[in-house]
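To start, the structure under review is shown below, and the notes come after it.
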Amino acid sequence: MTRIVEWAVGNTRVVIATIVVVIVAGLLAFMNIPKEADPDIPIPVIMVQAAYPGISPEDSERLLVKPLETALRSVEGIKTMTARAYSGFAIVILEFDVNFNKQKALEDVRAQVDEARSLLPQETDPPTVQEFNTSLNPVIAVSLSGAVPERTLLKLARDLKDEIKLVPTVLDVDIGGDRKEMLEIVIDPAKLESFGISQQEMFQAVSNNNRLIAAGLIDTGHGSFAVKVPGVIANAGDLLNLPIRSTSNATITLSDVAQVRRTFYDPTTYSRINGQPSLRLDVTKRIGANIIANNIAVRNIVDKAAKTWPAGVHVTYLFDNSTDIRDQLGSLSDSIILAVLLVMIIVVAALGLRSGLLVGVAIPTSFLMAFMILNSLGLTLNFMIMFAMLLAVGILVDGAIIVVEYADRKMTEGHKPREAFAQAAVRMFWPVVSATLTMIGAFLPMLLWPGVAGKFMSYFPITLIIILSASMVVALIFLPVLGGMFGKAPPPDPQHEQAIAASETGDWRDIPGVTGWYAHMAERLTQRPGLVIASAAGIVVAVLGLFIVFNNGVEFFVDEDPGYAQVFVSARGNLSAAEKRDIVMGIARIVQTVSGIRDITASSGGQSNSLNSQGGVPVDNIGRLGLELKDYRERRPAKQIEEEIRTKTANIPGVHVEVREPQNGPPTGKDVMIDVSSDNYSALAQVTGTVRTHMDGLSELRDVEDTRPLPGIEWDLEINRELASRFGANAQS
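Terminal number for the sequence shown in our numbering: 739, no gaps in between.
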């Protein structure tokens, strides 16, 4: 193995060229590597959703859930399968092992869902298969609000969506609060009856005249011609002039019995920002794209488009994580630079300026080589990688210090720099390799950490292994060449030479300074082994005792002061969309009185499509508030703000308010989750209620929820089929 060092010293130009390539490639990699807050880890969850509008949860379980469960059981690698039946749709969530092949799993699930479609009712919408990926969450939201008509705001939002989607790093843009337009037919029953036209006849006329007709081609012998039959209603005029019934005297059109107007579908969701109606564009970036560059491009497009908008339209940017990521990465970068400077000061003080600078070369060169490797592996620059680099600053110079110090000693003995560094690299090759592999071995077990948390934390040991391996290459290959070119023997120092001779062949007591003090202490301690062992054991016991006495518990990630928070509003009962809106907006008005909040977005309506076991939205959720807090220097701690919100909303009858902070690290859901399962549904509901009652009584717990069906009122229409048949009616009519 030492022949590699000998080859490097003998091929100086090749090594120098390699160093230049590493520096240039590392700088380019550092500038181009995608930057994000947390690592992009695959979440081993796939969700299948099937919709059949109008059916009850019981029918949803019987008609949708059971056929899907039967088909999906044959998918290989499933750990757990969880299903939930809602009114109008059903969800099946499949959890796999964290090391699953995502592409193969998606293909298998889609294949089984396609086979199960024949078992589902014909009226069922095509089932959808979605992967769970935290990288597909919106990275910035653009809210449009103001005292302008809804149609104007909607047109601006749709035009802006088309422009934002042209950004190469943008994956998708979703408009929250968007309502589809339609042509509404308002029938006059009196006119319909006066003409003797039934509703079924009118519906049939509209349906028959609004069809896409594929007429094909006509071959006349002198040519082939395409035939087009315009049969689709394109505008309101087509509807108004649509014939319903024709007689010998006149033709009755739709305009004779009804009014046609352009309008929107009835709202099922409502959106507000700071109390004003709004539309929100949620922007999702492509996986692996640079979030900072992406959000800057989005802001530039919005700012340019806003110059042409009406004066009453206001733009608000929400939940822009790129600012926090930029500050976070900048803070870590500053910490790394400071650590490098401190290490350099210590090394220069110990080895001298020239030798210290040679050791200092190892730090940026190792980092640049690491950036080059990380970028080639497709990894992103995130918090875990930056933290690993910060930790590596103090340990990656060990090999370089060993080589440089030994080379200094050889030059003191009269060897030339090139010869001294070559001998140092060869002599210290195995000590440097052994020391580096020992440090790498200390972090290797972290790669065996199972589950999603292990995938998340794996970036830490991977980065350290890459940096330490790079530092070994720098110390044993690059440094001997650079030292041979720029190294210089230190000036003669008889005292230093005497200390070196004493440390190797002489009396340790002749060594001056700190090294001599250490030698004297080590000599005394070797004569009292019992005292040393007892002291070591006492220190271990004292540390364990102090940890037990002053232990404050264990946290996966340190609690930090967030810049955002979410407020989930839950209520039970048969609430209309307007009632949900009024409740949520009432909570928003209360939250607005809390100081320290910059913007409040409120949305109501919709229905949760995630399970509590995945840490999703509460099953009885009717709306949510998104809180963007002021800069931490301009407000009190977020914990105090959240506690005030809980206090002010605690006594609202029939409404439960839950405040959540953004989670650090991988998604883990709530702190305590208990699964209760049984084939006996009544017993299951009873036991779940008992557990819920017990947990509600524990003062240490808050925001307890369960997945039992929500209480409510439904109309059950029982048809007397015999009596209905006498009047020519059936269940459908």
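For glycine and all other residues, C-beta sits at the position ideal for the given N, C-alpha and C. Just so we're clear, the structure is a prediction, and the values are computed from it rather than from any experiment.
How about residue i and residue j: do their beta carbons lie closer than 7 Å?
i: A476; j: A376; result: yes
i: P172; j: T290; result: According to the sequence provided, residue 172 is Leu. The question's Pro does not apply to it. Their beta carbons are not under 7 Å apart, which means L172 does not touch T290 by this criterion.
i: L474; j: T444; result: no
i: D605; j: E664; result: no
i: I279; j: S200; result: no
i: E650; j: V600; result: yes
i: F484; j: I29; result: no
i: I472; j: I342; result: no
i: I298; j: K645; result: no
i: T694; j: R666; result: no
i: E711; j: P624; result: yes
i: V135; j: R116; result: yes
i: Q118; j: V71; result: no
Over the uninterrupted alpha helix (DSSP H) stretch that includes residue i, give me the two end residues.
i: L371; result: The question names Leu, but residue 371 is Thr in the sequence shown. First-last of the alpha helix (DSSP H) with T371: L359 to S382.
i: I302; result: I297 to A312
i: A540; result: P535 to V555
i: P63; result: P63 to S66
i: D588; result: A583 to Q598
i: R267; result: It is not in any alpha helix (DSSP H) - R267 instead sits in the beta strand (DSSP E) that spans A264 to F270.
i: F138; result: No alpha helix (DSSP H) contains F138, which DSSP labels as neither H nor E.
i: D685; result: Here D685 belongs to no alpha helix (DSSP H), and DSSP marks it neither H nor E.
i: L34; result: T18 to N38
Counting C-beta neighbours from all protein chains within 10 Å, is the total for residue i 16 or more, i.e. buried, or is it exposed?
i: R286; result: buried
i: V575; result: buried
i: V590; result: buried
i: G32; result: buried
i: E648; result: buried
i: L631; result: buried
i: V546; result: exposed
i: G362; result: buried
i: A542; result: exposed
i: R268; result: exposed
i: S372; result: buried
i: V20; result: exposed
i: N618; result: Only weak support is given to the placement of N618: the predicted model assigns it a pLDDT of 38, under 50, and the value that follows is read from those uncertain coordinates. The residue is buried, with at least 16 neighbouring Cβ atoms inside 10 Å.
i: Y58; result: buried
i: I539; result: exposed
i: S66; result: buried
i: M53; result: buried
Once DSSP output is grouped into helix, strand and coil, what is the label at residue i?
i: Q669; result: coil
i: H526; result: helix
i: R251; result: strand
i: M188; result: strand
i: Q620; result: Bear in mind that the predicted position of Q620 carries a pLDDT of just 42, short of 50, making it unreliable; the figure below should be weighed with that in mind. Looking at Q620 - three-state DSSP - the assignment turns out to be helix.
i: T442; result: helix
i: R630; result: strand
i: G222; result: strand
i: Q572; result: strand
i: A317; result: coil
i: A256; result: coil
i: T322; result: strand
i: D103; result: coil
i: G152; result: strand
i: E75; result: helix
i: S731; result: helix
i: S204; result: coil
i: D722; result: coil
i: L126; result: coil
i: F449; result: helix
Quick check on the DSSP output: the beta strand (DSSP E) that includes residue i runs from which residue to which?
i: H421; result: Neither: H421 is in no beta strand (DSSP E) and is coded neither H nor E.
i: R157; result: Taken as a continuous stretch (DSSP letters only), R157 belongs to no beta strand (DSSP E), being part of the alpha helix (DSSP H) at E156 to I170.
i: T4; result: Any property of residue 4 remains undetermined from this structure, which presents the chain solely from 7 to 739.
i: K636; result: That residue, K636, is in no beta strand (DSSP E); it is neither H nor E in DSSP.
For residue i and residue j, which I take to be in contact (beta-carbon distance under 8 Å), what is that distance rounded to the nearest angstrom?
i: V15; j: A481; result: Not a contact, Cβ separation roughly 14 Å.
i: V365; j: V308; result: Not a contact, Cβ separation roughly 49 Å.
i: S328; j: V179; result: Not really, about 16 Å apart at Cβ, beyond 8 Å.
i: V51; j: K461; result: The Cβ separation is near 13 Å, so there is no contact.
i: L245; j: V266; result: 5 Å
i: V458; j: I49; result: 6 Å
i: S141; j: L324; result: Wrong, their Cβ atoms sit about 19 Å apart, outside the cutoff.
i: R292; j: T386; result: Between T386 and R292 the Cβ distance is about 12 Å, and since that is not below 8 Å, they are no contact.
i: S609; j: G629; result: 6 Å
Under the criterion of a Cβ to heavy atom distance below 6 Å, does residue i qualify as lining the ligand GTP?
i: I628; result: Ligands displayed in this structure: none; no statement on the ligand GTP is therefore possible.
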